[in-house]
Amino acid sequence: RFTRVYKELKILRKTGEIRYTLTFANTITYQGKPAGFVVLIDITRQKRLENIVLMLREVNQTITSSLTEEEVFEKICKNLVEKIGLRFVWVGFPDWKTLLIKPKYYYGYEAGYLKKIKVSISAEVPEGRGPVGTALREKRVTIISDIRTDPRFYLWREEALKREYLSVAGIPIYKDGNPYCVLGLYAKEPNFFTDETLGLLEELKGDIEFALKRIEEIRNNVIISQALLKSPAAVFILDEEGKIVFCNETVLRGCGRSFNEIVGQSIEMFGFKLSDGSDFYPVFLKFVSQEGDKFEDVLFCSIKKIYMEMKIYPIEIGGGVRRFIFLGRDVSKERELIAKLEKVMLEDPLIGLLNVEGFERRVNKLLGEVVEGFLVVIDISNFTYINRTYSFEVGNRVLKEIGKVLQGIFPGSKDLIARLGADEFGCFLRKEDYGDVRGLIDRLGLVKEIRVEVDGQEIVVATNVGIGYYPGDGKSVRELLEKASLALSEAKRGGAGEFRFFASHMELKAQEIISLDQLLEKALENRWFVFFYQPYFRAEDLRLAGLEALVRIKVDGKIYNPSEFIDYLERSRFLPKFEEWMFEEIEEKARRFRVPISVNVSGRSFSRRGFVERFLNKFSGEDLSLEITERVFIEDVGYASDVIKRLRGRGIRVFIDDFGTGYCALSYLRELAVDVIKVDRSFIQGVVEKKRDRDLVEVIVLLARRLGIESLAEGVETEEQLDIVKKLGFNYVQGFLLEKPLPEEELLSKYPEILSKDSQKT
Numbered sequence: 001r002f003t004r005v006y007k008e009l010k011i012l013r014k015t016g017e018i019r020y021t022l023t024f025a026n027t028i029t030y031q032g033k034p035a036g037f038v039v040l041i042d043i044t045r046q047k048r049l050e051n052i053v054l055m056l057r058e059v060n061q062t063i064t065s066s067l068t069e070e071e072v073f074e075k076i077c078k079n080l081v082e083k084i085g086l087r088f089v090w091v092g093f094p095d096w097k098t099l100l101i102k103p104k105y106y107y108g109y110e111a112g113y114l115k116k117i118k119v120s121i122s123a124e125v126p127e128g129r130g131p132v133g134t135a136l137r138e139k140r141v142t143i144i145s146d147i148r149t150d151p152r153f154y155l156w157r158e159e160a161l162k163r164e165y166l167s168v169a170g171i172p173i174y175k176d177g178n179p180y181c182v183l184g185l186y187a188k189e190p191n192f193f194t195d196e197t198l199g200l201l202e203e204l205k206g207d208i209e210f211a212l213k214r215i216e217e218i219r220n221n222v223i224i225s226q227a228l229l230k231s232p233a234a235v236f237i238l239d240e241e242g243k244i245v246f247c248n249e250t251v252l253r254g255c256g257r258s259f260n261e262i263v264g265q266s267i268e269m270f271g272f273k274l275s276d277g278s279d280f281y282p283v284f285l286k287f288v289s290q291e292g293d294k295f296e297d298v299l300f301c302s303i304k305k306i307y308m309e310m311k312i313y314p315i316e317i318g319g320g321v322r323r324f325i326f327l328g329r330d331v332s333k334e335r336e337l338i339a340k341l342e343k344v345m346l347e348d349p350l351i352g353l354l355n356v357e358g359f360e361r362r363v364n365k366l367l368g369e370v371v372e373g374f375l376v377v378i379d380i381s382n383f384t385y386i387n388r389t390y391s392f393e394v395g396n397r398v399l400k401e402i403g404k405v406l407q408g409i410f411p412g413s414k415d416l417i418a419r420l421g422a423d424e425f426g427c428f429l430r431k432e433d434y435g436d437v438r439g440l441i442d443r444l445g446l447v448k449e450i451r452v453e454v455d456g457q458e459i460v461v462a463t464n465v466g467i468g469y470y471p472g473d474g475k476s477v478r479e480l481l482e483k484a485s486l487a488l489s490e491a492k493r494g495g496a497g498e499f500r501f502f503a504s505h506m507e508l509k510a511q512e513i514i515s516l517d518q519l520l521e522k523a524l525e526n527r528w529f530v531f532f533y534q535p536y537f538r539a540e541d542l543r544l545a546g547l548e549a550l551v552r553i554k555v556d557g558k559i560y561n562p563s564e565f566i567d568y569l570e571r572s573r574f575l576p577k578f579e580e581w582m583f584e585e586i587e588e589k590a591r592r593f594r595v596p597i598s599v600n601v602s603g604r605s606f607s608r609r610g611f612v613e614r615f616l617n618k619f620s621g622e623d624l625s626l627e628i629t630e631r632v633f634i635e636d637v638g639y640a641s642d643v644i645k646r647l648r649g650r651g652i653r654v655f656i657d658d659f660g661t662g663y664c665a666l667s668y669l670r671e672l673a674v675d676v677i678k679v680d681r682s683f684i685q686g687v688v689e690k691k692r693d694r695d696l697v698e699v700i701v702l703l704a705r706r707l708g709i710e711s712l713a714e715g716v717e718t719e720e721q722l723d724i725v726k727k728l729g730f731n732y733v734q735g736f737l738l739e740k741p742l743p744e745e746e747l748l749s750k751y752p753e754i755l756s757k758d759s760q761k762t
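Numbering (the UniProt record's numbering), first residue to last: 1 to 762.
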């Protein structure tokens with residue numbers, strides 16, 4: 001007689017499947033004889049579930065102890081084989097270029113299996129329809145309970161059975177919502193993975209994804225921690241009372257203290273001052289109490305004597321507790337550089353006084369603090385004569401001396417004196433600088449005639465002065481400058497040494513300017529600007545040689561000539577937009593016309609490097625010429641010479657317009673490699689009756705020819721003038737005798753040969 005209990009008795013079925021049983025055995029009497037009675041209870045399902053639960057416990061232990069993905073996957077593969085009894089486990093990662101899943105980690109009885117198989121992500125090919133590819137693609141655990149019979153596994157069946165793989169599961173692992181990798185689990189028994197184990201496998205999937213997320217967070221935290229520690233910015237972490245919880249290496253190097261000496265101390269120890277001079281600490285506590293999102297300012301650190309750009313951000317750490325990240329960047333050198341840059345930008349490099357922008361900034365800042373004052377504009381009469389007579393170097397030294405004299409005349413406004421233009425100065429006088437109007441007039445009387453000494457030689461400089469009153473004539477520097485400039489124009493009409501205050505009758509002229517301002521604005525908006533074209537001809541046979549483009553404003557049948565708007569346009573805010581229109585128009589005409597076109601460029605445009613660069617970038621090799629007045633060249637011969645070389649290097653011809661009217665010495669022609677000089681009409685008008693004019697023109701033409709420069713006679717109005725300029729050797733002639741400026745339609749009607757063949761077709 002016997003009694004036995006087997007808690008886990010393995011039974012091998014004919015199919016090769018192993019089943020776990022709980023077995024009870026006892027002796028009984030059967031037909032009068034002792035017999036064995038055995039009861040077997042199938043506990044395979046329970047055993048497998050216990051194994052998977054054990055597997056999940058092992059995974060969780062792996063999660064808590066692993067610091068890298070490699071460690072996670074290697075431990076999981078090993079534990080699943082050794083602790084659970086799986087035959088083989090592998091981890092594969094998708095290659096999105098080939099759409100194949102590439103094995104990276106594996107453990108167990110592999111025996112070359114991974115080299116024999118191919119698994120795809122795509123459902124379009126058979127290699128992608130197995131459990132591993134399907135799992136990754138469809139984001140779900142996929143199982144095959146019996147490899148021997150399931151048709152989904154036919155591609156890999158032969159190799160799997162060689163290695164006794166009978167049941168398989170695919171577990172997809174996703175990261176940030178995207179497929180990351182997939183686990184392939186293989187068991188030696190059929191039906192090891194069934195629908196009953198699906199939930200536990202899903203739990204395993206979630207645990208692995210959690211492990212990877214945790215590792216990523218640890219990695220990011222390490223990176224962030226190191227970034228904060230090594231950051232060139234000063235980093236503090238403060239509590240709500242301003243005590244230092246953390247500081248980085250930049251702080252330690254900056255103050256020469258150890259971490260333990262700083263942590264636990266109040267941020268007050270650094271003596272920070274806000275940009276308005278107040279203490280930082282009380283303002284920080286106020287920021288904490290008001291629960292702001294961000295606090296930023298430029299601080300001054302009194303213990304290190306540096307300026308710091310500071311930003312503070314609050315961070316919730318749970319339980320209603322907050323910490324504050326303090327980020328500080330040393331901007332002391334930047335502030336020094338900015339101060340130097342502002343000095344360069346806001347001061348005239350030649351004489352060291354403020355320039356226009358610096359003057360506007362400083363005076364505008366002052367206007368809110370004064371009750372009344374005067375803005376004075378001082379113009380040096382005929383300064384070109386000084387340059388021509390003595391030299392540009394002497395002229396520059398004269399300007400410096402004038403600046404010093406003005407500082408002596410207006411000592412209370414030394415820092416409010418500026419050079420506004422080539423030969424123009426400005427000054428703002430506060431009431432305390434002059435007392436009353438009589439005191440102001442007395443001071444201005446000293447400006448009428450300024451005597452300066454250069455190299456022991458006294459040079460007397462006459463001036464004109466225009467004055468605008470604050471606040472009566474304007475509330476801003478720009479308004480006051482406009483009024484003072486109008487007054488200056490009136491003073492010039494009165495002759496050298498005169499000064500004028502802005503008065504009511506000048507306001508009428510100002511209104512004319514406003515109307516002109518509005519006209520220019522509308523002309524740009526509505527494209528009222530047009531070019532008229534005045535032809536010029538070869539002197540020898542009067543064949544058409546080229547066209548001069550002359551701007552007009554055309555609106556409602558009325559034509560505005562340049563004399564009505566061009567001076568204001570060149571000084572106005574509209575000049576850049578007008579230049580853009582001009583570029584567009586000339587580019588189109590240069591493409592259509594078969595003859596060269598010349599276009600006038602203002603002195604202000606020519607002197608701006610941005611305009612020259614845009615012109616050079618837009619045009620090259622065109623039948624195009626630039627006409628620039630003689631006076632522009634004189635102001636800066638070196639700059640003009642450089643620009644001319646660059647223009648000619650791009651195939652653009654250069655004309656000197658109105659030659660002879662700008663006090664230009666003929667010697668400048670040697671330095672300026674221009675193509676054509678246009679002799680002003682005032683000389684051409686006199687060649688018939690005035691021998692002196694005719695001789696002068698002949699010398700100009702001869703000198704130009706010797707220098708390889710062509711000449712053009714402007715303003716030819718009679719047959720006698722035409723005959724003489726031909727005899728004098730001019731290359732080209734232009735004037736009303738031959739043709740007046742014409743609108744485009746009339747021009748093309750009279751001279752159809754201007755259009756290119758392609759243009760005629762269109």
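Each residue gets a CB set at the ideal place from its N, CA and C atoms; glycine is no exception.
Fair warning: this is a prediction, and the values are worked out from it, not measured in the lab.
{"Asked": "Terminal residues of the alpha helix (DSSP H) in which Met345 lies", "Found": "Ser332 to Leu346"}
{"Asked": "Cβ separation of Glu717 and Phe736, assumed to be a contact under 8 angstroms, to the nearest whole Å", "Found": "5 angstroms"}
{"Asked": "Local Cβ density within 10 Å of Glu189, reported as buried at 16 or more and exposed below that", "Found": "buried"}
{"Asked": "Tyr154 to Asn221 span [Cα, whole Å]", "Found": "46 angstroms"}
{"Asked": "Given 8 angstroms, three or more beta-carbon pairs between the region 89 to 100 and the region 181 to 188", "Found": "yes"}
{"Asked": "Status (buried if at least 16 other CB within 10 Å, exposed otherwise) for Ile11", "Found": "exposed"}
{"Asked": "DSSP-derived helix/strand/coil call for Gly708", "Found": "coil"}
{"Asked": "Thr27 - partner residues in DSSP beta bridges", "Found": "Gly36"}
{"Asked": "Of the listed residues Arg614, Ser413, Lys75 and Pro282, nearest to Gly241 (C-alpha basis)", "Found": "Reading the sequence as shown, one finds Glu at residue 241 and not Gly. The residue with the shortest Cα to Cα distance from Glu241 is Pro282."}
{"Asked": "Counterpart residues of Thr21 in DSSP-defined beta bridges", "Found": "Leu9 and Asp42"}
{"Asked": "Three CB pairs or more closer than 8 angstroms across the region 222 to 232 and the region 193 to 211", "Found": "no"}
{"Asked": "Nearest-angstrom Cβ-Cβ length linking Val141 and Glu202, presumed shorter than 8 angstroms", "Found": "6 angstroms"}
{"Asked": "Start and end residues, alpha helix (DSSP H) containing Leu569", "Found": "Ile566 to Arg571"}
{"Asked": "Straight-line gap, Lys400 to Leu350 (C-alpha atoms, nearest Å)", "Found": "8 angstroms"}
{"Asked": "7 angstroms CB neighbourhood of Ile41 in its chain, flanking five on each side removed", "Found": "Thr21 and Leu22"}
{"Asked": "Cα-Cα separation, Ile173 to Asp207", "Found": "10 angstroms"}
{"Asked": "C-beta atoms of Glu124 and Lys118 nearer than 7 angstroms", "Found": "no"}
{"Asked": "contact_flag[the region 463 to 475, the region 361 to 376] where n(CB pairs < 8 angstroms) is 3 or more", "Found": "yes"}
{"Asked": "Beta-carbon proximity of Glu309 to Arg335, cut-off 7 angstroms", "Found": "no"}
{"Asked": "Boundaries of the alpha helix (DSSP H) in which Thr134 is found, first to last residue", "Found": "Pro131 to Glu138"}
{"Asked": "Cα-Cα separation between Ile325 and Gln265, rounded to whole angstroms", "Found": "16 angstroms"}
{"Asked": "Proximity winner among Ile450, Tyr105, Pro314 and Leu252, relative to Gly292 (alpha-carbon distances)", "Found": "Pro314"}
{"Asked": "Nearest-angstrom Cα separation, counted from Glu372 out to Ala462", "Found": "28 angstroms"}
{"Asked": "Identified DSSP bridge partners for residue 808", "Found": "Nothing can be reported for residue 808: it is not among the residues displayed for the chain, which extend from 1 to 762."}
{"Asked": "Contact belief for Glu69 with Ile215 at Cβ below 8 angstroms, rounded distance in angstroms", "Found": "6 angstroms"}
{"Asked": "Nearest-angstrom Cβ-Cβ length linking Glu211 and Val53, presumed shorter than 8 angstroms", "Found": "Reading the sequence as shown, one finds Ala at residue 211 and not Glu. The pair is not a contact, with the Cβ atoms about 17 angstroms apart (cut-off 8 angstroms)."}
{"Asked": "Inter-residue spacing [alpha-carbon to alpha-carbon] between Tyr663 and Tyr385", "Found": "With a pLDDT of only 48 at Tyr663, under the threshold of 50, the placement of this residue in the model should not be trusted, and no figure is reported."}
{"Asked": "Buried/exposed call for Val725, threshold 16 Cβ in 10 Å", "Found": "buried"}
{"Asked": "Separation of Glu432 from Gly445, as counted between CA atoms", "Found": "18 angstroms"}
{"Asked": "Beta-carbon proximity check, Val477 vs Val398, cutoff 7 angstroms", "Found": "no"}
{"Asked": "Minimum C-alpha distance to Lys678 - residue among Gln685, Glu689, Thr629 and Arg443", "Found": "Thr629"}
{"Asked": "Beta-carbon proximity check, Leu547 vs Ile597, cutoff 7 angstroms", "Found": "yes"}
{"Asked": "Phe280 beta carbon less than 7 angstroms from that of Leu299", "Found": "yes"}
{"Asked": "Element boundaries [beta strand (DSSP E), containing Lys577]", "Found": "It is not in any beta strand (DSSP E) - Lys577 instead sits in the alpha helix (DSSP H) that spans Leu575 to Arg592."}
{"Asked": "Extent of the continuous beta strand (DSSP E) run through Pro314", "Found": "Ile306 to Glu316"}
{"Asked": "Beta-carbon gap between Val81 and Tyr107 smaller than 7 angstroms", "Found": "yes"}
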